[in-house]
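Below is one structure, written out as structure tokens; the observations come after it.
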Amino acid sequence: GEDVEQSLFLSVREGDSSVINCTYTDSSSTYLYWYKQEPGAGLQLLTYIFSNMDMKQDQRLTVLLNKKDKHLSLRIADTQTGDSAIYFCAEDTGAGNNRKLIWGLGTSLAVNP
Amino acid sequence: ETGVTQTPRHLVMGMTNKKSLKCEQHLGHNAMYWYKQSAKKPLELMFVYNFKEQTENNSVPSRFSPECPNSSHLFLHLHTLQPEDSALYLCASSPQGATNEKLFFGSGTQLSVL
């Protein structure tokens, strides 16, 4: 069945780059999303990439998509303590009434000063 | 006030209680969603409303009853819940109908069922 997998934890030092990885199974996805959840808050859309793109850059965020390997990554440059949060990968699959989001379990990013 | 607002933030209820969760969005969006977030499980979509009409019910038990009186307000009525229903309940809205694109989430209601 459809599945999205992420590693559960990542720890980096402040100022370093963070790379959060995600793999998915449905090759017919249209969009892939990265959401961020800070403690005690809901999810916030960080960025997304359309499935016909390989890369998208938005300030400190770089999204890379490898469709052949069904691999998505989120790179955060110059990671700050405020980036500590859980990052969710989600795949938008299906069409029409069968369109749905498949979510990963989230990667908890800890940024150490 | 802007964004998606959920009340209450925390709720503790017994299995025989009846309570309601409220969600309000000030973004002018047409679609609203209820999600359940439990530890060690992917986010679970419960209900979807598009222009006040329910378009999806993901096999949710009848002890959860949604209500959408208008496109800005969404309720989740709870009765005779079970301890395994304890979770964070998130409301979301999206601007382009119920297409899952660009969801805006509230901060959630942390529910504990005793």
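Line by line, the protein sequences are chains A and B.
Quick note: the first sequence uses our numbering, first residue 1, plus one each step.
Quick note: the second sequence uses our numbering, first residue 1, plus one each step.
Using N, Cα and C, we set each Cβ at its ideal position, and we do this for glycine too.
Note that the coordinates shown come from a computational prediction; the quantities given were computed from them, not determined experimentally.
Exercise. Under the assumption that B:L43 contacts B:Y35 (Cβ atoms under 8 Å), give the Cβ distance between them as a whole number of angstroms.
Key: By a beta-carbon distance limit of 8 Å, B:L43 contacts B:Y35. Their separation comes to about 5 Å.
Practice problem: Note down the Cα distance separating B:A87 from B:V113, rounded to an integer number of angstroms. | Solution: Looking at the two C-alpha atoms, the distance is approximately 9 Å.
Self-check item: Interface partners of A:L10 on chain B, CB under 7 Å
Solution: Going along chain B, no residue has its Cβ under 7 Å from A:L10, so there is no contact; the nearest lies around 17 Å.
Exercise. Count the C-beta pairs between the region 17-27 of chain B and the region 75-93 of chain B that are closer than 8 Å, then say yes if the count reaches three, no if not.
Key: Cβ pair count under 8 Å is three or more, so yes.
Quiz item: If you scan the region 46-100 of chain A from start to end, which runs of the beta strand (DSSP E) of 3 or more residues do you find wholly inside it?
Solution: The region 46-100 of chain A contains, as complete beta strand (DSSP E) runs of 3+ residues, the segments 55-58, 61-66, 71-76, 85-93 (chain order).
Practice problem: State yes or no: is the C-beta of A:T107 nearer than 7 Å to some heavy atom of the ligand FMN? | Solution: No copy of the ligand FMN occurs in the structure displayed, which carries no ligand at all.
Practice problem: State the DSSP-derived secondary structure class of B:E1, mapped to helix, strand or coil. | Solution: Unreliable placement is indicated for B:E1, whose pLDDT of 48 sits below 50; no coordinate value is reported for it.
Practice problem: Express the C-alpha separation of A:Y33 and A:T47 in angstroms, rounding to a whole number. | Solution: Their Cα atoms are separated by approximately 6 Å.
Exercise. Tell me, to the nearest whole angstrom, how far the beta carbon of A:S18 is from that of A:T81; I am working on the premise that it is less than 8 Å.
Key: No, A:S18 and A:T81 are not in contact; Cβ-Cβ is about 12 Å, not under 8 Å.
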